[in-house]
DNA sequence: TGTTCATATAAGCATATGATAATTTAATAA
DNA sequence: TTATTAAATTATCATATGCTTATATGAACA
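Residue numbers (our numbering), protein chains in the order written: chain A, 3 to 129; chain B, 3 to 129.
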C-alpha cells in the first residue's frame with residue numbers, strides 16, 4: 003500500500019474514505035477504546051441526565067428525599083409523567099425507593115450521581 | 003388549611019394532587035433549585051454525552067486529536083453521520099477544530115469533558 | 001483556472017422518547 | 001369488606017433525533 007509522509011511525520015494513506023488518513027492513530031485509539039458494551043452503558047447513563055424533567059428530579063433529590071406528589075408539585079407536572087421518569091431512573095439504579103404506607107419516597111441511590119451533577123454544573127458555569 | 007402531623011413530625015397537607023404532601027420540603031428544595039436556564043443547559047450538556055456515536059467520538063478524542071475521516075474509519079460510520087455529530091459537539095463547544103490544508107482535526111475543547119467521561123465510567127464499573 | 005479530495009450541508013425517513021388521559025394497583029382506615 | 005388515596009401502568013400521540021443519500025463548499029495543487 004503506497005504511503006506518503008505528512009509534515010508531521012506520521013504515515014498517511016492515500017484515501018480517507020474507507021481506512022482513514024492516519025492508520026497508526028486509528029489503531030492506537032482503537033486499542034484504547036473501552037468495550038462497546040461499556041460505551042453503550044455510559045451513553046445510556048448520560049442519556050438519563052440529558053432531559054430537563056429528569057435533571058430537575060435528580061437535583062431535587064440531591065437536596066432531599068421526596069415523595070412522588072411532592073415532586074409533582076415542585077415540578078408542576080402531572081403525576082404519571084413524574085412516575086414515568088422515576089421509573090426510568092429507578093431501572094438504572096440512579097434512584098431508590100422507600101415505602102411508608104401509601105407514600106413512596108425517592109432518593110438518590112449513589113454518591114456518583116451528585117458528583118456528576120456538580121461537575122456538569124461546574125462546566126456550565128465556566129462557559 | 004387543615005394540617006395533620008406525620009410520624010416524622012413534618013406537617014402534611016390533606017391532598018397531594020396539587021400542592022404535595024410536604025409543603026416545607028417542597029419550598030426548601032424549591033429555594034435550592036438552580037435557575038431553570040441552568041438546568042436546561044445542564045440537561046443539554048448531558049444530552050450530548052447520551053448518544054453512543056457521540057460518546058465514542060468523545061472517548062476517541064480524549065485519546066488523540068483526530069480528523070473526520072479517521073473517525074469515520076474508527077467508528078465504521080459514514081462521513082456525513084460523523085460530521086453531523088461533530089457539528090453538534092462543536093456548537094456546544096465540547097470539541098474544537100484546527101485546519102491543516104484540506105484536513106480538519108478535531109479535539110476536546112475542555113478538561114471538564116475528560117473528567118465527566120471518567121466519572122461516568124467509574125459509576126458504570128461500580129455497578 | 002480547473003480538478004481533486006476532505007468536509008459540510010440539506011432533504012427525507014424511520015425510530016425513540018416524553019407527555020397526556022384513562023385505568024389499575026396497593027395500602028390504609030372506617 | 002368497602003372507600004379512599006398515592007403511585008404505577010397502558011395506550012396514544014406528537015415531537016425530536018440520528019442515519020442515509022445527494023449535493024455543495026472550500027482549500028490545495030497541477
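We treat Cβ as the ideally placed atom computed from N, Cα and C, and that holds for glycine.
Predicted, not measured: the structure shown is a model, and the values here were computed from it.
- At least one CB atom of chain A sits nearer than 8 Å to the CB of residue 54 of chain B.
- For residue 91 of chain B, no Cβ of chain A is located within less than 8 Å of the residue's own Cβ.
- Contiguous beta strand (DSSP E) elements confined to the region 66 to 102 of chain B occur at 97 to 102, taking only those with 3 or more residues.
- Annotation for residue 126 of chain B: the continuous alpha helix (DSSP H) segment containing it runs 113 to 127.
- Cα atoms of residue 90 of chain B and residue 50 of chain B: separation of roughly 8 Å, rounded to the nearest angstrom.
- A check of alpha carbon separations from residue 38 of chain B across A:109, A:62, A:87 and A:118 identifies A:62 as the nearest.
- Secondary structure note for residue 23 of chain A: it is in no alpha helix (DSSP H), with a DSSP letter that is neither H nor E.
- Listed by position along chain A, the residues whose Cβ is nearer than 9 Å to that of residue 112 of chain B are 125, 128 and 129.
- DSSP places residue 104 of chain A outside any alpha helix (DSSP H), giving it a letter other than H or E.
- Taking a cut-off of 8 Å on C-beta distances, the region 25 to 34 of chain A touches the region 57 to 76 of chain B, as three or more cross pairs fall below it.
- Non-local beta-carbon contacts of residue 56 of chain A in its own chain, meaning distances under 8 Å to residues more than five positions away in sequence, involve 50, 87, 90 and 91 in chain order.
- Put simply, the CB of residue 85 of chain B is far from chain A, with every gap to its CB atoms at 8 Å or more.
- Neighbours of residue 118 of chain A across chain B, judged by C-beta separation under 9 Å: 48, 118, 121, 122 and 125.
- Secondary structure at residue 46 of chain A: helix, using DSSP grouped into helix, strand and coil.
- By the criterion of a C-beta distance shorter than 8 Å, residue 106 of chain B is surrounded in its chain by 69, 70, 99 and 100, once the five residues flanking it on both sides are discounted.
- Between residue 120 of chain B and residue 32 of chain A, the alpha-carbon positions lie close to 17 Å from each other.
- Between the alpha carbons of residue 36 of chain A and residue 82 of chain A lies a gap of roughly 37 Å.
- Using a 10 angstroms sphere on the CB of residue 103 of chain B, the tally of other CB atoms stays under 16, which defines it as exposed.
- In the three-state reduction of the DSSP assignment, residue 35 of chain B falls in the coil class, being assigned neither a helical nor a strand state.
- Pairing residue 75 of chain A with residue 65 of chain A, the inter-Cα distance amounts to about 16 Å.
- Those residues of the region 95 to 111 of chain B placed with their C-beta closer than 8 Å to a C-beta in chain A are 95 and 105, ordered along the chain.
- Distances from the alpha-carbon of residue 108 of chain A to those of A:59, A:40, A:44 and A:41 put A:59 closest.
- Look at the region 23 to 42 of chain B: the residues with a C-beta under 8 Å from a C-beta of chain A are 23, 24, 27, 28, 30, 31, 32, 34, 35, 36, 40, 41 and 42.
- Taking a Cβ-Cβ threshold of 7 Å, none of the residues of chain B is close to residue 79 of chain A; the smallest such distance is about 12 Å.
- Counting only the Cα atoms, residue 97 of chain B lies some 12 Å from residue 47 of chain B.
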